[in-house]
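Order-wise, the sequence lines are chains Y and A.
Numbering-wise, this note's numbering puts 226 at position 241 of the first sequence, and it's gapless, one number per residue.
Start counting at 1 in the second sequence, then tack on 174, and there's your number in this note's numbering.
Every residue, glycine too, gets a C-beta built ideally from N, C-alpha and C.
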Amino acid sequence: MQLYSEFLKQLVSWQYQLNNYISSTIRSVNDENSLSASFLVLLIAFLYGVVHAAGPGHGKALVAFYFTSNKSDYKKAFKMGYMISIIHALSALVFTFGIFFILKTMFRKNFNEFSQMTMQISAVMIMLVAIYIIYHAIKDKNAKEKDETPKNKSEVAVAFSAGVVPCPGVMTIVLFCIVLGQYLLGVLAALMMSIGMGLTISIAGIISIAINKKAGGFLDSKAYILEIFGGVLIFLLGLFLLSAAF
Amino acid sequence: MFKVFVFLFLFSSTLFSHPHTFIDVYPSIKVKDGKTTEISFKWKLDEMTSSMLIYEFDQNGDGEIDSQENYYAYKNYFAVLEEVSYYTELLLDEVLQEPIVPKNFKVTIENNRVCYFFKIEGSYNVKKLSMEFGDRDFFVAMVLKPEFLNITGAKAKIDDIDRDFYFVHRLELKE
């Protein structure tokens, strides 16, 4: 745990530096309007996304639970990682632009309220996904065969439930760009940040799949137990988040 | 396998927790005869958070915060931090004291960054006193560096303390 603690501390330090760096670079774009500075902003946004998602959060635990309890390949990990991060960033973009342009005044207050509301929605959705996973694990066991269609649906549901909470990190950058009148740069920076976050979340999924594969031989015949267990953990996670969102 | 799940569950307990706002903490402390005579703070918020707050605070857009705007900032953005003890905890002989009560709150804008100024009252024995700065929710990262300190009449030491899911910077004073 000491190592993990040091790792988290280092992540915070990097985020602090990147946060300073990205704001000063965006401001220099605004002052000089240079193309190279704009590309630099996008590069930093990507790195910021990688580091930002490496700490606790951004649905990595959910992805980890899901892939540890469901058979999948590495491509699916990338697919889900990017689905989460893109939904996360799009949600942030929609909320930020929506709040800013529809409710120009007091937007910060509304941002807080929307943030809490989306956290509650996300937590309930996570619990519903968990129930869905448990239900299908039992159904699959009874049918003695795997049904791939509902699995794909549950992946989308997992990604959506984790990603629907708008990323405050993305919102901050987008708002900063809006305030400086750099709308396009704000959108592009949000997308680059989501690509960076997607990479990190996908890696969390890949690690979980690797763990699952290692245990696969032993658990093949009892896969439904692992799926139910994973579903219960996801449900508890949703319950915890719901309690934290009030 | 179970250990992996337990680890992941613990790991996930801060699912939405990672810093999005960074605050540089500048403590200014005067010590005389082993006791504090003045404790004040300056918080310098990161530029991106500042840009949102400036938009909100500086209603007339003159680049300065007047008394009315200062009151608005205090009421809507600073006073609510009482819930989180203003991210500042005072300990005497390692015993947590009553939450701090900030006085003389003032907001300024310095180089596009919002700065909060406030002081706390009370005279404390520096041998027993320590302060911790951090956000339990880990949404805000309080940053304390040796170069931010302005302490007269005592020596200071900074430590980073791991509180499992968030970090605090601990400031200890020595005569």
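What is the rounded straight-line gap between the Cα of residue 257 of chain A and the Cα of residue 294 of chain A?
The alpha-carbon atoms of residue 257 of chain A and residue 294 of chain A are separated by roughly 17 Å.
Does the distance from the C-beta atom of residue 239 of chain A to that of residue 231 of chain A stay below 8 Å?
Closer than 8 Å, so yes.
Using only alpha-carbon positions, find the residue among Y:49, Y:28, Y:172, Y:218 that is nearest to residue 75 of chain Y.
If we check each option's Cα against that of residue 75 of chain Y, Y:172 comes out closest.
Note down, in chain order, every chain A residue with its Cβ under 9 Å from the Cβ of residue 35 of chain Y.
Going along chain A, no residue has its Cβ under 9 Å from residue 35 of chain Y, so there is no contact; the nearest lies around 13 Å.
Measure the beta-carbon distance from residue 292 of chain A to residue 202 of chain A and round it to whole angstroms, keeping in mind my assumption that it falls under 8 Å.
No, residue 292 of chain A and residue 202 of chain A are not in contact; Cβ-Cβ is about 11 Å, not under 8 Å.
Pair every Cβ in the stretch 220 to 228 of chain A with every Cβ in the stretch 176 to 185 of chain Y, then say whether three or more of these pairs are closer than 8 Å.
No: fewer than three Cβ pairs fall under 8 Å.
What are the start and end residues of the alpha helix (DSSP H) that includes residue 340 of chain A?
Looking at the DSSP string, residue 340 of chain A is not in any alpha helix (DSSP H), and its letter there is neither H nor E.
Where do the ends of the alpha helix (DSSP H) carrying residue 246 of chain A lie?
Taken as a continuous stretch (DSSP letters only), the alpha helix (DSSP H) holding residue 246 of chain A covers 241 to 247.
State the Cα-Cα distance for the pair residue 237 of chain Y and residue 143 of chain Y, rounded to the nearest angstrom.
With chain Y covering -14 to 231 only, the question about residue 237 of chain Y has no answer from this structure.
If you reduce the DSSP assignment to three classes, tell me which class residue 274 of chain A lands in.
Coil at residue 274 of chain A, not helix or strand.
Taking Cβ-Cβ distances shorter than 8 Å, what residues in chain A pair up with residue 161 of chain Y?
By Cβ distance, chain A contributes 221, 222, 225, 226.
Check the Cβ of residue 229 of chain A against every Cβ in chain Y and list those closer than 7 Å, keeping chain order.
Within chain Y, the residues near residue 229 of chain A are 164.
Whose Cβ in chain Y lies nearer than 7 Å to the Cβ of residue 196 of chain A?
Correct list: 1, 4.
Name the residues in the stretch 309 to 322 of chain A whose C-beta lies less than 7 Å from a C-beta of chain Y; which are they?
Those would be 315, 317, in chain order.
Whole angstroms is fine: what's the gap from residue 26 of chain Y's alpha carbon to residue 73 of chain Y's?
Rounded to whole angstroms, residue 26 of chain Y to residue 73 of chain Y spans 20 Å at the Cα level.
Mind checking if residue 343 of chain A is an interface residue toward chain Y, Cβ cutoff 8 Å exclusive?
Judged by the 8 Å Cβ criterion, residue 343 of chain A is not in contact with chain Y.
Distance, Cα to Cα, residue 10 of chain Y vs residue 22 of chain Y?
Taking the straight line joining both Cα atoms gives about 7 Å.
Taking the alpha carbon of residue 70 of chain Y as the reference point, which residue from Y:81, Y:160, Y:146, Y:197 has its own alpha carbon closest?
The candidate whose alpha carbon is nearest that of residue 70 of chain Y is Y:146.
When you compare the CB of residue 178 of chain A with every CB in chain Y, is at least one pair closer than 8 Å?
Because residue 178 of chain A sits at a pLDDT of 37, beneath the cut-off of 50, its placement in the model cannot be relied upon, and the point is left open.
So that I know if they touch, is there some Cβ in chain A lying closer than 8 Å to that of residue 72 of chain Y?
No, residue 72 of chain Y lies away from the interface with chain A (no Cβ there is under 8 Å from its Cβ).
Do you know offhand how far residue 271 of chain A's Cα is from residue 306 of chain A's?
For residue 271 of chain A and residue 306 of chain A, the distance between alpha carbons rounds to 11 Å.
Is any beta-carbon of chain Y found at less than 8 Å from that of residue 201 of chain A?
Not closer than 8 Å to any Cβ of chain Y, the Cβ of residue 201 of chain A fails to qualify, so no.
Compute the Euclidean distance between the alpha carbons of residue 300 of chain A and residue 268 of chain A, then round it to the nearest angstrom.
So the alpha carbons of these two residues sit roughly 12 Å apart.
Looking at the structure shown, is residue 178 of chain A part of a helix, part of a strand, or coil, going by DSSP?
The pLDDT assigned to residue 178 of chain A is 37, lower than 50, so where the model puts this residue is not dependable; a value taken from the coordinates is nonetheless given after this. Here residue 178 of chain A sits in helix by DSSP.
To which residues of the same chain is residue 36 of chain Y closer than 7 Å at the C-beta, ignoring the five residues directly before and after it?
Cβ neighbours of residue 36 of chain Y beyond the five flanking positions: -4, -1, 0, 3.
Identify the contact partners of residue 236 of chain A in chain Y, using a Cβ-Cβ distance below 9 Å as the criterion.
Within 9 Å Cβ-Cβ: nothing; residue 236 of chain A doesn't reach chain Y, min ~16 Å.
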